[in-house]
Ligand SMILES: NC(=O)c1ccc[n+]([C@@H]2O[C@H](COP(=O)([O-])OP(=O)(O)OC[C@H]3O[C@@H](n4cnc5c(N)ncnc54)[C@H](OP(=O)(O)O)[C@@H]3O)[C@@H](O)[C@H]2O)c1
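What follows is the structure, given as structure tokens:
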């Protein structure tokens with residue numbers, strides 16, 4: 011027996027139950043992992059709410075979560091490259107990232123093929139805080155819009171998990187970072203991660219503020235907020251610039267008429283998902299190793315200040331929905 015956070019219906023955080031579950035031994039090609047740190051992602055909230063596009067209807071009861079780190083507790087038949095006691099992590103276990111959930115648990119079985127081996131200098135908590143957020147930032151800056159010295163990038167919700175990675179990455183390559191944030195405390199954290207100008211966008215018109223700072227417009231916007239920021243962001247971009255929408259914390263963006271992009275300055279719009287990193291022949295381990303190297307070089311660092319006991323996962327979801335969290339959120343079994 012082990013314990014997990016399960017939902018039996020979609021709904022508010024009240025549907026999240028901490029329950030005992032049966033766990034069978036790992037099957038062929040699988041390992042059992044004893045979780046030590048579980049990454050919370052906004053997609054967990056969307057899955058819980060029932061507001062994400064799953065390729066199949068949800069099957070209840072469902073254990074939430076897609077990202078965690080821990081120790082190999084048992085190996086199934088045919089697993090030869092991972093040993094009991096090794097420290098490993100994963101970010102998704104096959105299919106679209108947010109499907110095949112099951113991370114909000116003390117232990118689970120996962121395919122050995124989806125594991126990342128952790129180097130000794132990366133702690134379990136670091137890995138669980140870093141992988142999804144860092145892989146998303148990597149997708150954006152390496153494959154969608156590569157920031158360069160002298161450019162200016164507007165990053166929405168700059169103190170959020172993914173955006174703090176983006177701020178550091180943009181700053182590292184010599185770009186100027188403008189960040190929108192929901193509170194003065196978030197502005198301070200964003201500044202400590204490379205944000206040059208923080209705009210309190212709940213109190214002020216961010217478009218006017220951006221135009222005052224960069225009258226010709228920013229080179230790119232990195233937007234994980236979606237519904238509330240997407241359309242006004244088009245007015246912040248210079249001609250031929252780009253708006254990268256990678257998330258929808260405030261809701262899905264409205265349908266976009268392509269002609270609007272011509273009117274606003276021959277703009278481009280991209281909507282990346284990090285799982286496509288692996289369709290170009292990259293392995294999860296190789297992309298993760300790049301991230302670990304950036305951590306070792308102090309280019310990026312994870313911000314872990316919001317941790318919750320696994321049994322308190324509903325509280326973590328409520329705090330995220332109330333926009334109270336900063337950086338990466340972890341559940342600790
Ligand atoms: N495309 C991909 O592959 C990919 C991968 C990972 C995540 N994502 C998406 O990226 C987005 C951000 O992820 P994250 O992990 O950085 O999120 P997060 O750390 O939970 O932060 C979300 C932030 O969004 C802002 N926000 C604005 N309106 C909000 C609302 N109505 N409810 C809640 N928050 C709101 C808040 O910051 P302020 O208080 O500063 O406004 C909040 O702290 C999510 O939509 C997530 O699903 C996409």
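Numbering (the working numbering), first residue to last: 11 to 343. Idealized CB from N, CA, C, for every residue including glycine.
Where residue i sits in the DSSP three-state scheme
i, result
"residue 34", "coil"
"residue 170", "strand"
"residue 15", "strand"
"residue 121", "strand"
"residue 336", "coil"
"residue 297", "helix"
"residue 134", "helix"
"residue 195", "helix"
"residue 189", "strand"
"residue 116", "coil"
"residue 162", "strand"
"residue 139", "helix"
"residue 205", "coil"
"residue 109", "coil"
"residue 99", "strand"
"residue 29", "strand"
"residue 145", "helix"
"residue 342", "strand"
"residue 218", "helix"
"residue 228", "strand"
Beta-carbon proximity check, residue i vs residue j, cutoff 8 Å
i, j, result
"residue 135", "residue 84", "no"
"residue 275", "residue 242", "no"
"residue 45", "residue 115", "yes"
"residue 150", "residue 256", "yes"
"residue 204", "residue 229", "no"
"residue 220", "residue 246", "yes"
"residue 147", "residue 208", "no"
"residue 194", "residue 302", "no"
"residue 310", "residue 179", "yes"
"residue 125", "residue 100", "yes"
"residue 17", "residue 58", "yes"
"residue 185", "residue 154", "no"
"residue 49", "residue 77", "yes"
"residue 285", "residue 55", "no"
"residue 283", "residue 316", "no"
"residue 51", "residue 199", "no"
"residue 324", "residue 106", "no"
"residue 234", "residue 212", "no"
"residue 65", "residue 109", "yes"
CA-to-CA distance, residue j to residue i, given in whole angstroms
i, j, result
"residue 87", "residue 121", "11 Å"
"residue 232", "residue 254", "5 Å"
"residue 297", "residue 145", "7 Å"
"residue 12", "residue 118", "9 Å"
"residue 157", "residue 260", "25 Å"
"residue 29", "residue 14", "6 Å"
"residue 113", "residue 72", "10 Å"
"residue 187", "residue 138", "26 Å"
"residue 82", "residue 26", "26 Å"
"residue 173", "residue 98", "25 Å"
"residue 244", "residue 280", "12 Å"
"residue 165", "residue 34", "44 Å"
"residue 269", "residue 277", "10 Å"
"residue 170", "residue 111", "22 Å"
"residue 265", "residue 38", "44 Å"
"residue 89", "residue 96", "13 Å"
"residue 215", "residue 175", "25 Å"
"residue 20", "residue 74", "11 Å"
"residue 273", "residue 267", "11 Å"
"residue 341", "residue 332", "18 Å"
"residue 294", "residue 288", "7 Å"
"residue 329", "residue 339", "10 Å"
"residue 237", "residue 258", "7 Å"
"residue 226", "residue 197", "24 Å"
"residue 300", "residue 132", "12 Å"
"residue 308", "residue 79", "21 Å"
"residue 177", "residue 94", "38 Å"
"residue 202", "residue 210", "16 Å"
"residue 127", "residue 240", "37 Å"
"residue 36", "residue 224", "56 Å"
"residue 319", "residue 47", "10 Å"
"residue 189", "residue 102", "29 Å"
Minimum length 3: unbroken beta strand (DSSP E) runs contained in the stretch 38-85: Taking only runs of at least 3 residues, the beta strand (DSSP E) segments lying wholly in the stretch 38-85 are 40-50, 77-85.
### Query
Where are the beta strand (DSSP E) runs, 3 residues long or more, that stay fully inside the stretch 238-319, in chain order?
Whole beta strand (DSSP E) segments, 3+ residues: 247-255, 278-280, 314-319.
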